[in-house]
Amino acid sequence: MSALEASVDLLASQSAFSGVVRVDRDGEILVAKAYGLAHRACDAPNTTETQFGIASATKGLTALTVVSLVDDGAVDLNTTARSVLGDDLPLIAEDVTVEDLLTHRSGIGDHVDEEAEGYDVNDYILPVGAHEVATSEEYLRVLDGHPTQFAAGERFSYCNSGYVVLALIAERVGGLPFHELVEQRVCRPAGMRRTAFLRSDELPGGAAVGYLHTEGDRSNVFHLPVRGSGDGGAYATAADLTALWTALFAGAIVPAEWVAEMVRPHSDVPTEPERYGLGFWLDATGDRVMLEGLDAGVSCRSVYDPVTRTTSTVLSNTTEGAWPMTRRLDEHLG
Numbered sequence: 017m018s019a020l021e022a023s024v025d026l027l028a029s030q031s032a033f034s035g036v037v038r039v040d041r042d043g044e045i046l047v048a049k050a051y052g053l054a055h056r057a058c059d060a061p062n063t064t065e066t067q068f069g070i071a072s073a074t075k076g077l078t079a080l081t082v083v084s085l086v087d088d089g090a091v092d093l094n095t096t097a098r099s100v101l102g103d104d105l106p107l108i109a110e111d112v113t114v115e116d117l118l119t120h121r122s123g124i125g126d127h128v129d130e131e132a133e134g135y136d137v138n139d140y141i142l143p144v145g146a147h148e149v150a151t152s153e154e155y156l157r158v159l160d161g162h163p164t165q166f167a168a169g170e171r172f173s174y175c176n177s178g179y180v181v182l183a184l185i186a187e188r189v190g191g192l193p194f195h196e197l198v199e200q201r202v203c204r205p206a207g208m209r210r211t212a213f214l215r216s217d218e219l220p221g222g223a224a225v226g227y228l229h230t231e232g233d234r235s236n237v238f239h240l241p242v243r244g245s246g247d248g249g250a251y252a253t254a255a256d257l258t259a260l261w262t263a264l265f266a267g268a269i270v271p272a273e274w275v276a277e278m279v280r281p282h283s284d285v286p287t288e289p290e291r292y293g294l295g296f297w298l299d300a301t302g303d304r305v306m307l308e309g310l311d312a313g314v315s316c317r318s319v320y321d322p323v324t325r326t327t328s329t330v331l332s333n334t335t336e337g338a339w340p341m342t343r344r345l346d347e348h349l350g
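Each residue of the sequence shown is one higher than the one before, counting from 17 in this note's numbering.
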């Protein structure tokens with residue numbers, strides 16, 4: 017057993033970690049371990065092939081879908097949201113562009129105010145029933161009524177609503193439901209065979225139920241939309257995220273010039289020790305590219321270092337479960 021694997025095992029035991037840890041370097045699997053239960057009531061264990069909710073890591077899939085449509089000429093980075101939305105979401109300013117939305121510089125009001133006093137990720141935050149939000153169009157009621165916060169392009173401000181708007185734009189210019197566009201334009205060329213927008217009220221046996229805490233059986237089924245959209249809600253395996261990084265940097269999803277643009281810093285992030293590109297978090301000073309997600313019952317982080325060709329992924333089916341493990345991997349991998 018390697019020192020890395022031993023350290024991961026020890027921390028998993030100490031922290032009651034529930035999820036999967038996978039590390040690959042230059043095509044070789046260094047660690048692939050599963051811990052805890054995918055379904056506590058049934059004592060069903062997590063496996064390395066379990067599908068986990070990836071929350072906001074979905075934004076990378078959304079960005080790739082939109083950029084592939086840009087590359088095809090169906091839309092442009094300078095296309096305004098208003099030109100596609102028509103009369104929907106009238107509080108979005110006339111000059112907000114696709115690029116503003118991709119870079120979190122749109123200034124539109126967000127339906128999830130993570131900076132609000134007293135905000136708790138485990139709260140019930142949807143203004144409608146979770147079962148009423150299963151398609152991108154059904155998100156319109158959730159997105160509407162939030163005033164503009166600042167002028168488009170003025171600054172970075174993380175915005176979940178912006179990525180649902182991107183999903184709406186993608187399906188209106190792409191001619192297919194958003195979930196099908198992601199499958200065709202990202203998952204299929206990347207070889208992500210077990211990534212999908214699953215319904216939380218009918219999860220298949222190979223998917224993990226999300227739990228709010230390390231103990232107890234309270235799930236997240238009433239906390240999140242029953243089926244995700246552009247801002248979050250996809251399910252994936254650790255192997256699929258490894259495949260995503262490999263395909264992305266090989267130019268198999270979008271051409272190399274677009275990959276370079278997506279992982280180029282577009283914003284510093286004052287509240288985080290990171291920068292942001294188009295749908296991807298970027299190391300503050302180095303070359304690492306990251307996808308991160310946090311929701312009720314979900315936490316995950318997947319990191320790719322193009323210099324060493326190392327991928328590290330932590331998926332957890334608890335709200336805060338991934339973070340101690342991601343810090344441990346950072347200590348070992350640098």
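A virtual CB, placed ideally from N, CA and C, is assigned to each residue, including glycine. Source: prediction; values computed, not measured.
With 16 or more other CB atoms across the displayed protein chains lying within 10 angstroms of its CB, residue 155 is buried. The closest CA to that of residue 190, considering only 72, 89 and 117, is found on 89.
Here residue 38 carries a strand assignment [DSSP, helix/strand/coil].
For residue 276 and residue 58, the gap between their C-alpha atoms comes out near 45 Å. In summary, residue 134 is exposed, with fewer than 16 beta-carbon neighbours lying within 10 Å of its beta-carbon over all protein chains present. The three-state reading of DSSP puts residue 328 in strand, counting E and B together. When secondary structure is reduced to three states using DSSP, residue 284 falls in the strand class.
DSSP assignment within the segment 246-304 yields the following whole alpha helix (DSSP H) runs of 4 residues or more, N-terminal first: 254-265 and 272-278. For secondary structure counted as the alpha helix (DSSP H) over 4 or more consecutive residues, the segment 128-161 holds these complete runs in sequence order: 156-159. The residues 67, 253 and 256, in chain order, have a CB closer than 6 Å to that of residue 210 in the same chain once the five nearest residues on each side in sequence are set aside. Contact check for residue 127 against residue 158 passes: the beta carbons are separated by less than 8 Å. Beta-bridge pairing by DSSP links residue 188 to no other residue. Two segments are said to touch when three or more pairs of C-beta atoms, one from each, lie closer than 8 Å; by this definition the segment 198-206 does not touch the segment 305-312.
8 Å or more divides the Cβ of residue 122 from the Cβ of residue 248.
The beta-carbon separation of residue 227 and residue 56, rounded to 7 Å, stays under the 8 Å limit for a contact. In the structure shown, the three-state DSSP call for residue 168 is coil. For residue 306, DSSP records a beta bridge to 297 and 319.
Secondary structure note for residue 86: its alpha helix (DSSP H) is the uninterrupted segment 74-88. For residue 165, the closest of 23, 39, 109 and 82 by C-alpha to C-alpha distance is 109.
Residue nearest to residue 103 within the set 217, 160 and 347 is 160 (criterion: CA-CA distance). Residues of the same chain with a CB within less than 6 Å of the CB of residue 52, apart from the 5 flanking positions on each side, are 34 and 62 in chain order.
In this structure, DSSP gives residue 24 a helical state, which the three-state scheme calls helix. The criterion of a C-beta distance shorter than 8 Å is not satisfied by residue 95 and residue 112. Per DSSP, the unbroken alpha helix (DSSP H) holding residue 97 starts and ends at 97-101. Per DSSP, residue 338 is one residue of the alpha helix (DSSP H) stretching across 338-349.
The C-alpha of residue 120 is placed about 26 Å away from the C-alpha of residue 343. Residue 269 counts as buried, since at least 16 other C-beta atoms from the protein chains shown sit within 10 angstroms of its C-beta.
Counting C-beta pairs closer than 8 Å gives fewer than three between the segment 22-41 and the segment 213-221, which falls short of the contact rule. Residue 303 is not a Cβ neighbour of residue 285, given a cutoff of 8 Å.
The beta carbon of residue 235 sits closer than 7 Å to those of 225, 226, 227 and 313, all from its chain and outside the five residues before and after it, given in chain order. Residue burial is scored here from C-beta neighbours: residue 295 has at least 16 other C-beta atoms within 10 angstroms and is therefore classed as buried. Under a 10 Å Cβ-count criterion, residue 241 is classified as buried, with 16 or more other Cβ atoms of the shown protein chains found around its own Cβ.
When DSSP states are grouped into helix, strand and coil, residue 65 belongs to the coil group.
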